[in-house]
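Residue numbers (this note's numbering), protein chains in the order written: chain G, 38 to 406; chain E, 38 to 406. Ideal Cβ placement from N, Cα and C applies to all residues, glycine included.
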């Protein structure tokens, strides 16, 4: 028999999860009801409607996949890709590379283009890749690359992808609700996110949305989707008016997302984006004042994910351990090319406040003194 | 903006979810911490250890998949199957048929054998299928078929599967913690379950366990697992001592499972199995006294899932609606071949009590009077 859990709370300033509003935790602790209970079906309708508002889309096929952000990535890829389909993937960090791996497993014939970590693609690079190595059925890219702190110019790339007649698949795991995302305005065809970043809900669900063109591509498939669990042809019949049982929805996680989305819309999307930017600029000013250098291209830095170089001669892992042990503050380590060299400081959702900025800056000042 | 949630609690007596102990809901509402926080890694270790006890296994590769029971089914299948591999699937209801669909999508060359709904396979039927149409790499079966209420003779079939040198894949979504499941004793190689049945945790996670032989088959694969999200070669490196980031674990769901497993072991497995059987027999006696007939083979009835024929001339859907509206009791409808003809009354985990039996019997008496 194991001991009861005893959890010392943290201030979550890593790459996600972020701090969760107690209203969301309270919602998750409401009594479980059935996945076909009319009360729960109303909650699903509410979640779809609020997700549409947060994604800025009118797509009917908008829902929460029953898995984390990576399941959302896989859901978008496997529903659009049939074996042999050509897909262009723009890789600028760990999560772009992950998309390539997912697409290859789905049977896609993948062309990848890359930029150095911390940099962004120019629309011309995408245009050239399509001209020289296309046509492609799908072009995929990560909006806010959590491993580098750089944000890609999605609207400009979207125009090129559409002019080329391809479907545009965009990862907004880290960006959604923390900076502008405009699925309809940017003509994104398939978009997925995660709950544990700027939505400030615990991890476990992945909001997704699909355009009419993406739905058409799904209905024209000649082969079954390789994943039964993530097959949108079936999942949609549960979230839609048919209410056909597919798998048992993660009821209490959906309760949490329902409340988290209400909190986002209470604040207002634009106000929320501004708040993230305001605290990012404050953190940037403080850290640069301490001589700490940001890693991403200055013109394309993300507000919610601040990737900075650990100062020379500092044991970055020891600093993170002291932040966690002595200050109960979690920040993230570098991933991939940045492993051992970077810190990733998240200002996401409930963690994007003046209090968080001052706490992490003050703690770092003491530790580095 | 949507309204706040307002949930009228139910007595959950359908095919799952079952009633959740308030201790589990409280655990889920604890503050979210990071997926690499040492506190959380200890919780993962505890969950693995208690899952091993509940599955009755010493398999090191025992963990909770970040999705519902159907994701666990897919995880077991896609990790063992490579395109072209031969798999025998014993289909006795909806969930066996689902396994066939999942396996075909994974590229398996599937042979299915079937028995009528409510019946079970004899070991000889499996033996003949293997002799006539084998050899098979994997033989899959559902222990407790939630759509029919019948339980398959797993130990006897397991011996035959092992003698034939195949891997034995067993669905224990509905059986685990409600009747005997003995992964090591029955020589099961891959086993998955769900949290929302006899474990009485909300839906959202799927406990899985893999034998040494299953691990060997995974390490000898010539192709990548088709699902990135469910690839155990990577997931195991997060749950194992390497602690390599794969995807962000569903933190608060894991809190809930941690507490649910503690409750199971506090009661004791054998006592819990006996409790399920006791209340099943009580329900059976009451319902048969009302002239309501059970659908599954009398020698192989499940204690936790009571599939009964709706009495002639009764609008079964109207009865379920009245149970829900007037009594706040949820029971399940028939699925597949039993659609429109059956009720499925669950006595799972926290819902397997005298109070539940008396409540549903009393309500049915009033409605049918």
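The DSSP-derived three-state label of residue 158 of chain E is coil. Here DSSP, grouped into helix, strand and coil, assigns residue 327 of chain G to coil.
Straight-line measurement puts the Cα of residue 64 of chain G at about 25 Å from the Cα of residue 78 of chain E.
As summarised for the stretch 288-376 of chain E, the continuous alpha helix (DSSP H) elements at least 4 residues long and confined to that stretch are 288-304, 306-326, 353-364, given in chain order.
In chain order, 102, 243 place their CB closer than 6 Å to the CB of residue 108 of chain G, counting only its own chain and leaving out the 5 sequence neighbours on each side. The Cβ of residue 381 of chain G sits no closer than 8 Å to any Cβ of chain E.
With respect to the 8 Å criterion, residue 173 of chain G and residue 167 of chain G are classified as neighbours on the basis of their beta carbons.
For residue 126 of chain E, the enclosing beta strand (DSSP E) begins and ends at 123-128.
Looking at the backbone, the Cα of residue 286 of chain E and that of residue 241 of chain G are separated by about 7 Å. If the five residues before and after residue 88 of chain E are omitted, its C-beta is found closer than 8 Å to the C-beta atoms of 99, 100, 101, 244, 246, 298, all from its own chain and listed in chain order. For residue 99 of chain E, none of the residues of chain G pass the 9 Å Cβ criterion, the least Cβ distance being about 14 Å. Under the criterion of beta carbons closer than 8 Å, residue 337 of chain G and residue 188 of chain G qualify as touching, at roughly 5 Å. With a cut-off of 8 Å on Cβ pairs, the stretch 199-209 of chain E is not in contact with the stretch 392-399 of chain G, counting fewer than three such pairs.
Among the residues facing chain E, residue 180 of chain G is not included, as its CB has no counterpart in that chain under 8 Å away. Rounded to the nearest angstrom, the gap between the Cα atoms of residue 279 of chain E and residue 269 of chain E is 14 Å.
In this structure, DSSP gives residue 86 of chain G a helical state, which the three-state scheme calls helix. With a cutoff of 8 Å on beta-carbon distance, residue 141 of chain E and residue 122 of chain E are scored as not near each other. A Cβ-Cβ contact shorter than 8 Å links residue 130 of chain E with residue 182 of chain E.
For the pair residue 57 of chain E and residue 238 of chain E, the CB atoms are nearer than the 8 Å cut-off. Between the alpha carbons of residue 225 of chain G and residue 248 of chain G lies a gap of roughly 7 Å. CA-to-CA, the gap between residue 84 of chain E and residue 76 of chain E works out to about 13 Å. Taking a C-beta distance under 8 Å as the contact criterion, residue 59 of chain E and residue 383 of chain E do not qualify as a contact pair. When C-beta distances to chain G are compared with 8 Å, the residues of the stretch 225-258 of chain E below that value are 231, 233, 239, 240, 241, in chain order. Excluding five sequence positions before and after residue 368 of chain G, the CB atoms of its chain that fall closer than 8 Å to its own CB belong to 50, 51, 357, 360, 380, 381, 382, 383, 397, given in chain order. DSSP places residue 102 of chain E inside the beta strand (DSSP E), whose first and last residues are 98-102. Contact between residue 139 of chain E and residue 267 of chain E fails: their C-beta atoms lie close to 11 Å from each other, not under 8 Å. Taking 8 Å as the CB threshold, residue 261 of chain G lines the interface with chain E. DSSP places residue 175 of chain G in the uninterrupted beta strand (DSSP E) bounded by 175-179. Scanning chain G for C-beta atoms nearer than 9 Å to the C-beta of residue 62 of chain E yields 65, 66, 67, 68, 69, 289, reported in chain order. For residue 118 of chain E, no beta strand (DSSP E) segment is defined, and its DSSP state is neither H nor E. At the C-beta level, residue 149 of chain G and residue 126 of chain G come within 8 Å of one another.
Nearest C-alpha to residue 390 of chain G among G:313, G:346, G:374: G:313. In the DSSP assignment, residue 207 of chain G falls within the beta strand (DSSP E) that extends over 204-208. Beta-bridge pairing by DSSP links residue 187 of chain G to G:182, G:338. Separation of residue 144 of chain E and residue 301 of chain G (C-alpha to C-alpha, rounded to the nearest whole angstrom) is 42 Å.
Taking a C-beta distance under 8 Å as the contact criterion, residue 211 of chain G and residue 294 of chain G do not qualify as a contact pair.
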